[in-house]
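Peer 1: To start, I am sharing the structure in question, which I have written as structure tokens.
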Amino acid sequence: MGYTSKLAGTETGVVEPVSVFSRFFGQPFMPRNPDVYAHMLGDKLRRHGTRVYLVNTGWTGGPYGQGRRIDIGLTRTMVSAALDGSLADVPARPDPIFKVMVPEACPGIGDTRILRPESNWTDKSAYEQRARRLAGQFAEHFLKAFGGKDVGAEIRRQCPGL
-3 MGYTSKLAGT
7 ETGVVEPVSV
17 FSRFFGQPFM
27 PRNPDVYAHM
37 LGDKLRRHGT
47 RVYLVNTGWT
57 GGPYGQGRRI
67 DIGLTRTMVS
77 AALDGSLADV
87 PARPDPIFKV
97 MVPEACPGIG
107 DTRILRPESN
117 WTDKSAYEQR
127 ARRLAGQFAE
137 HFLKAFGGKD
147 VGAEIRRQCP
157 GL
């Protein structure tokens, strides 16, 4: 699925982040059903042993007015570690809400709190509430886009909120 968030301060008239979903990245240029592309992607990932990383390049530390944009230098360091393979060698922990493995360290990043979004929020319960709400939005969109499609159980299990 494609996901982005319109952020307050970067979008006119936006005061709360607005989640924006699409069936997948590049949707307007892909006319087939999403399950076709999901299967194609899975086949290519398996065939080539490709690792996939999700990097938050947006916001952390709290809602608009409390949090902050993630520093571009940190983003570059994380992307470089993914590309050069060094991120593959660090321990990771499962994120119980978003169902992804989160590195516990990243070469070149001293303060690892940036890798644990919940540790950047002063109000931990507010983080969990927002994270669960976003996971629910993922589930809602997934069911609309893929609910009646031939999407494997492995993919369904990974959808946040399901």
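The sequence shown runs -3 to 158 under the working numbering. Ideal Cβ positions, reconstructed from N, Cα and C, are used throughout, including at glycine.
Using only CA atoms, which one of P30, W117, D91, K145 lies nearest to G61?
Peer 2: Locating residue 61 in the sequence shown gives position 65, counting from the first residue. Among P30, W117, D91, K145, the Cα nearest to that of G61 belongs to W117.
Peer 1: Grouping DSSP H, G and I as helix and E and B as strand, with all else coil, what is Y60?
Peer 2: Numbered from 1 along the sequence shown, position 64 holds the residue referred to as residue 60. Looking at Y60 - three-state DSSP - the assignment turns out to be coil, as it is neither helix nor strand.
Peer 1: Considering P90, what are the terminal residues of the beta strand (DSSP E) in which it resides?
Peer 2: For the purposes of this step, residue 90 is identified with residue 94 of the sequence shown, where counting begins at 1. Looking at the DSSP string, the run of the beta strand (DSSP E) that includes P90 is 88 to 90.
Peer 1: Starting from the C-beta of Q154, find all residues in its chain whose C-beta is less than 7 Å away, skip the five residues before and the five after it, and write them out in chain order.
Peer 2: Within the sequence shown, the letter at position 158 stands for residue 154. Same-chain partners within the cutoff: K95.
Peer 1: If you count every other CB in all the chains shown that lies within 10 Å of the CB of R184, and 16 or more means buried, which is it?
Peer 2: There is no way to answer for residue 184, as the model of the chain reaches only from -3 to 158.
Peer 1: Within the same chain, show all residues whose beta-carbon is closer than 8 Å to that of N91, passing over the 5 residues directly before and after it, in chain order.
Peer 2: Position 95 of the sequence shown, counting from 1, holds the residue named residue 91. Residue 91 is actually Asp in this sequence, not Asn. Cβ within range, chain order: M97, V98.
Peer 1: Thinking C-beta only, is T73 closer than 8 Å to L53?
Peer 2: For the purposes of this step, residue 53 is identified with residue 57 of the sequence shown, where counting begins at 1. For the purposes of this step, residue 73 is identified with residue 77 of the sequence shown, where counting begins at 1. Strictly speaking, residue 53 in this sequence is Thr, with Leu absent from that position. Cβ atoms of T53 and T73: not closer than 8 Å.
Peer 1: Grab me the residues of Y(-1)'s own chain with a C-beta within less than 6 Å of its C-beta, minus the 5 sequence neighbours each way, in chain order.
Peer 2: For the purposes of this step, residue -1 is identified with residue 3 of the sequence shown, where counting begins at 1. Excluding sequence neighbours, Y(-1) sits near F17.
Peer 1: Give the DSSP-derived three-state secondary structure of G69 in the structure shown.
Peer 2: Locating residue 69 in the sequence shown gives position 73, where the first residue counts as 1. It is helical.
Peer 1: In whole angstroms, give me the CA-to-CA distance for E150 and A34.
Peer 2: The count along the sequence shown starts at 1 and reaches residue 150 at position 154. The count along the sequence shown starts at 1 and reaches residue 34 at position 38. Each residue's Cα considered, the two are about 11 Å apart.
Peer 1: Please state the DSSP three-state secondary structure of F17.
Peer 2: Within the sequence shown, the letter at position 21 stands for residue 17. Three-state DSSP puts F17 in a strand.
Peer 1: Looking at the structure shown, is I93 part of a helix, part of a strand, or coil, going by DSSP?
Peer 2: Stepping through the sequence shown from its first residue, residue 93 is reached at position 97. Three-state DSSP puts I93 in coil, outside helix and strand.
Peer 1: Using the Cα positions of A77 and I105, report the straight-line distance between them to the nearest angstrom.
Peer 2: As a first step, residue 77 must be located in the sequence shown, where it is residue number 81. As a first step, residue 105 must be located in the sequence shown, where it is residue number 109. Whole-angstrom Cα-Cα distance: 10 Å.
Peer 1: How long is the line joining the alpha carbons of Q133 and G157, rounded to whole angstroms?
Peer 2: Translated into the one-based positions of the sequence shown, residue 133 becomes position 137. Translated into the one-based positions of the sequence shown, residue 157 becomes position 161. Cα-Cα distance, rounded: 8 Å.
Peer 1: For H120, which three-state DSSP category applies?
Peer 2: Working through the sequence shown from its first residue, we reach residue 120 at position 124. A small fix is needed here, since residue 120 is Lys in this sequence, not His. In the structure shown, K120 sits in a helix (DSSP, three-state: H, G or I).
Peer 1: Taking DSSP as the reference, what is the three-state secondary structure of Y33?
Peer 2: By 1-based counting over the sequence shown, the position of residue 33 is 37. Of the three classes helix, strand and coil, the one that applies to Y33 here is helix, per DSSP.
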